[in-house]
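So the sequence lines, in the order shown, correspond to chains D and H.
Mind the numbering: the first sequence is residues 211 to 394 in our numbering, read in order.
Mind the numbering: the second sequence is residues 211 to 394 in our numbering, read in order.
Where is the CB? At the ideal position from N, CA and C, for every residue including glycine.
Just so you know, these numbers come straight off a predicted model, no measurement behind them.
For reference, the structure discussed in these notes is given below.
There are 2 protein chains.
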Amino acid sequence: MALRYAILISLHEEAATGYEITKKFDQGMGFFWQASHQQIYLELKKMSDLGLVEFQHIEQDSKPDKKLYQITSQGIQALKDWLIQPVKTQTIKDSLLMKLYAGPLGSAQHLLDEVLRIKQEHVELLETFHAIEQEWFQNIDQQPLPYQYIYYTLRNGIHYVQSWLAWSEEVIPFLEKQAGAATR
Amino acid sequence: MALRYAILISLHEEAATGYEITKKFDQGMGFFWQASHQQIYLELKKMSDLGLVEFQHIEQDSKPDKKLYQITSQGIQALKDWLIQPVKTQTIKDSLLMKLYAGPLGSAQHLLDEVLRIKQEHVELLETFHAIEQEWFQNIDQQPLPYQYIYYTLRNGIHYVQSWLAWSEEVIPFLEKQAGAATR
DNA sequence: ATGAAATATGCAACTATTTGCATATACTGT
DNA sequence: ACAGTATATGCAAATAGTTGCATATTTCAT
């Protein structure tokens with residue numbers, strides 16, 4: 211159900227097309243929720259049938275037609291009701307750690323390559339996060355209240371990525387040693 | 211598919227019943243992969259049909275009968291093949307951050323309560339992790355190699371929980387201020 | 001010129017996961 | 001005595017998510 215409420219939160223910020231919501235899931239909200247365009251279009255249809263959102267057809271020259279969705283008062287109420295429910299504990303599905311756990315049955319070199327690749331992604335993500343922090347969240351306590359809340363979701367991301375990078379500095383030397391030992 | 215390989219890794223360590231594997235998913239492997247007993251029993255059946263595992267019936271007095279599963283050579287090969295595939299990037303589904311992102315539309319007091327509750331869980335988890343580290347992973351470079359790999363999955367967990375707790379120290383004062391302001 | 005990426009939406013099939021139920025015995029705590 | 005927890009496995013229904021495909025135009029890069 212959480213996808214539904216992620217979409218409602220996005221539409222509560224501003225009216226948008228399915229295509230635009232999909233892009234939002236690749237950016238800000240994407241850090242804590244991911245969804246494909248197929249999922250989003252299908253969910254928007256269901257939500258429209260339930261009266262949580264409504265849309266207007268917009269015809270465009272030189273581009274495909276689109277549907278601009280906006281949240282209804284019923285949608286806002288449903289979102290408010292959901293926001294005060296207890297949060298479900300986050301499930302973690304981390305196949306890198308699974309492969310590491312399997313240890314010597316796999317290849318230390320392969321694990322090392324993967325850790326280095328993901329490290330690079332995390333380094334870039336951290337730079338992006340810091341750039342966003344600089345650009346949008348300076349003097350945070352003077353920003354509008356909604357921004358202040360969003361700022362703390364960014365801070366969560368920064369903490370997470372930094373801790374992952376700190377861990378990688380521990381595991382990389384170990385994997386280098388194992389990968390080296392295997393070829394000798 | 212990853213559930214399948216999580217089970218194979220577990221059975222490669224030692225033969226086990228579905229019930230015992232379920233308990234493992236609540237402990238060590240549970241940090242990076244979760245699965246219900248329904249999922250595990252169903253998957254074991256499929257894996258048995260495919261010849262990746264085999265089982266023997268064990269009749270017990272005073273307890274229900276059980277099936278002891280063990281990995282086959284075919285299962286070991288399938289696992290080895292999977293271990294050298296690229297890892298899929300982890301998906302994060304964090305409804306706490308989603309509710310935080312929604313900000314003033316929800317209740318700061320409710321968010322604060324939830325953060326404090328999860329913080330308590332994380333404090334306890336960190337204690338558990340540290341206890342495991344002390345008991346099983348002292349003088350890590352003198353331990354058997356498979357233990358050394360597992361140690362780094364534990365280290366990942368420790369880093370993660372510590373970073374979450376550090377973040378909570380940032381967000382709690384903010385939410386306390388917001389919750390206080392709302393009642394005045 | 002030709003291919004790739006962006007814009008824009010959607011169906012169908014499959015895989016993964018959750019939720020609810022069902023069964024049966026024994027042990028432990030109140 | 002009675003309720004709850006542990007042991008042990010499983011089916012069925014529903015929801016959630018992935019993968020592959022389909023369509024149609026424009027703009028940008030090689």
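When C-alpha distances from T393 (chain D) are compared across D:H320, D:Q353, D:Q330, D:W377, the shortest belongs to D:H320. The beta-carbon of I231 (chain H) is placed no less than 9 Å from the nearest beta-carbon of chain D. The stretch 358-367 of chain D makes no contact with the stretch 276-291 of chain D; the number of CB pairs closer than 8 Å stays below 3. DSSP, reduced to helix, strand and coil, places I281 (chain D) within a strand of the structure shown.
In this structure S378 (chain D) is in contact with K329 (chain D), their Cβ atoms being roughly 5 Å apart against a cut-off of 8 Å.
Look at S283 (chain H): its C-beta is not under 9 Å from any C-beta on chain D. Counting along the chain, no alpha helix (DSSP H) covers Q300 (chain D), and no H or E run does either.
Counting only runs of 4 or more residues that sit fully inside the stretch 327-363 of chain H, no alpha helix (DSSP H) segment turns up. Within chain D, the residues L307, L310, Y311 have their CB atoms less than 8 Å from the CB of T363 (chain H), given in chain order. T301 (chain D) and S272 (chain D) have their C-alpha atoms roughly 43 Å apart.
K276 (chain H) has a beta carbon lying at 9 Å or more from every beta carbon in chain D.
Take L221 (chain H), set aside five residues on each side of it, and the residues of its chain with a beta-carbon closer than 8 Å to its own are I231, V263, Y279, Q280, I281, G285, in chain order. By the neighbour-count definition (other C-beta atoms within 10 Å, threshold 16), W346 (chain H) is an exposed residue. The C-beta of Q248 (chain D) comes no closer than 9 Å to any C-beta of chain H.
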